[in-house]
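Going by the working numbering, the sequence shown runs without a break in its numbering and finishes at 308.
Here a beta-carbon is modelled for each residue, glycine too, at the ideal position from N, C-alpha and C.
Predicted model, so just to flag it, every value in this text is computed and none were measured.
Beneath this line is the structure, given in structure tokens, with notes to follow.
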Amino acid sequence: YQAFLFNKILSARIEEQDLPLAPLPGDKVAMLTSWGSPARIVDASPSNLLKLQKLIESGKAALALPVPGSMKPSPLSSPPARLMAAVLEEEQISLRHFKDFFPSLKGGWRICVVKPKEFRVEVRKDPLTRSLAAHLGFFLPSGSYATMLLRELVKPLNPFLAGL
Numbered sequence: 145y146q147a148f149l150f151n152k153i154l155s156a157r158i159e160e161q162d163l164p165l166a167p168l169p170g171d172k173v174a175m176l177t178s179w180g181s182p183a184r185i186v187d188a189s190p191s192n193l194l195k196l197q198k199l200i201e202s203g204k205a206a207l208a209l210p211v212p213g214s215m216k217p218s219p220l221s222s223p224p225a226r227l228m229a230a231v232l233e234e235e236q237i238s239l240r241h242f243k244d245f246f247p248s249l250k251g252g253w254r255i256c257v258v259k260p261k262e263f264r265v266e267v268r269k270d271p272l273t274r275s276l277a278a279h280l281g282f283f284l285p286s287g288s289y290a291t292m293l294l295r296e297l298v299k300p301l302n303p304f305l306a307g308l
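This is how it looks when you write it as structure tokens:
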């Protein structure tokens with residue numbers, strides 16, 4: 145459910161700002177390891193926006209959005225907290241629900257865009273169907289979902305029926 149809420153927050157941010165997502169004052173930006181995993185979170189402010197944007201463009205950082213949980217959120221006036229509050233209201237839940245009923249679901253920050261590493265495609269005969277099939281290989285940072293990448297690559301008419 146936390147992933148569902150995060151995806152709704154991300155969708156709301158994209159509707160507000162469009163792609164590519166640029167940091168705004170009050171946002172959180174994750175500095176990334178060479179494999180694309182978040183190493184530390186930095187607060188975006190007017191004084192560092194340009195530097196953070198350049199780091200994002202170079203792939204050394206990524207915008208982060210909240211994963212709702214029992215954690216204390218960032219200031220309520222920040223762009224991520226405002227989006228999270230709107231999504232929680234729409235879903236008719238609150239952070240208090242997490243604190244009271246699911247205290248182990250701490251929440252946190254997740255990067256918005258991940259880039260697969262060592263992406264490769266191999267076309268070969270599928271042993272089950274005996275037809276040609278594309279076999280994909282890639283690495284994603286910890287905490288990322290391969291289903292989202294596959295959904296974007298395949299673009300099925302019905303993601304549920306496709307198992308995505």
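Using CA coordinates, which residue listed in the options is at the minimum distance from residue i?
{"i": "PRO210", "options": "LEU149, SER248, PRO167 and LYS204", "result": "LEU149"}
{"i": "ARG184", "options": "SER286, LEU165 and ALA205", "result": "ALA205"}
{"i": "LEU280", "options": "GLU235, PRO260, GLY251 and LEU207", "result": "PRO260"}
{"i": "PHE263", "options": "PRO285, SER248 and LEU249", "result": "PRO285"}
{"i": "SER189", "options": "PRO223, SER248, MET215 and LEU232", "result": "PRO223"}
{"i": "VAL186", "options": "SER202, ARG157, TRP179 and PRO169", "result": "PRO169"}
{"i": "SER155", "options": "THR177, VAL257, LEU276 and PHE282", "result": "VAL257"}
{"i": "MET215", "options": "VAL231, SER248 and LEU194", "result": "SER248"}
From residue i to residue j, what does the alpha carbon distance come to, in whole angstroms?
{"i": "TYR145", "j": "VAL267", "result": "35 Å"}
{"i": "LYS251", "j": "SER238", "result": "The displayed chain sequence assigns Gly, not Lys, to residue 251. Roughly 13 Å separates the two Cα atoms."}
{"i": "ARG309", "j": "VAL298", "result": "Past the edges of the chain, shown from 145 to 308, lies residue 309, and the structure says nothing about it."}
{"i": "ILE255", "j": "PRO212", "result": "14 Å"}
{"i": "SER181", "j": "SER288", "result": "9 Å"}
{"i": "THR273", "j": "VAL265", "result": "19 Å"}
{"i": "ALA303", "j": "ARG295", "result": "What sits at residue 303 in the sequence shown is Pro, not Ala. One C-alpha to the other measures close to 7 Å."}
{"i": "LYS198", "j": "TRP253", "result": "20 Å"}
{"i": "PHE282", "j": "MET175", "result": "21 Å"}
Would you mind reading off the limits of the beta strand (DSSP E) that contains residue i?
{"i": "ILE185", "result": "182-187"}
{"i": "LEU176", "result": "172-176"}
Can you give the beta carbon distance from residue i to residue j, rounded, assuming they're within the 8 Å contact cut?
{"i": "VAL173", "j": "ILE200", "result": "7 Å"}
Return the first residue and the last residue of the alpha helix (DSSP H) that residue i is part of.
{"i": "ASN192", "result": "That residue, ASN192, is in no alpha helix (DSSP H); it is neither H nor E in DSSP."}
Length at least 3, wholly inside the stretch 272-303: the beta strand (DSSP E) runs in chain order: 276-283
Contained alpha helix (DSSP H) runs [length at least 4] in the stretch 207-267, N- to C-terminal order: 223-234 and 239-245
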